[in-house]
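Peer 1: So that we are looking at the same thing, I have put the structure below in structure tokens.
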Amino acid sequence: MQKLKRQVPLIDEIESKIDKATCDLKDTLTRGIPTFLFICVLVYSL
1 MQKLKRQVPL IDEIESKIDK ATCDLKDTLT RGIPTFLFIC VLVYSL
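In the numbering used here, the protein residues as written are 1 to 46.
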């Protein structure tokens, strides 16, 4: 039981880092996809 209590803060920290990474990835994709599509349209129109 004592070992589990020591692991809880570590698990919380890992979950927090995963959540942040997920949010960062969503933000990157949200900005990146429109930019990619814009470049594709520009190249196609040449």
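Glycine is no exception: its CB is placed at the ideal position from the N, C-alpha and C atoms.
Distance check for Q7 and E13, CA to CA, integer angstroms please.
Peer 2: 10 Å
Peer 1: Kindly indicate if chain E contains any beta-carbon less than 8 Å away from that of L37.
Peer 2: Here there is only one protein chain, and chain E is not present.
Peer 1: What three-state label does DSSP hand L37 in the structure shown?
Peer 2: helix
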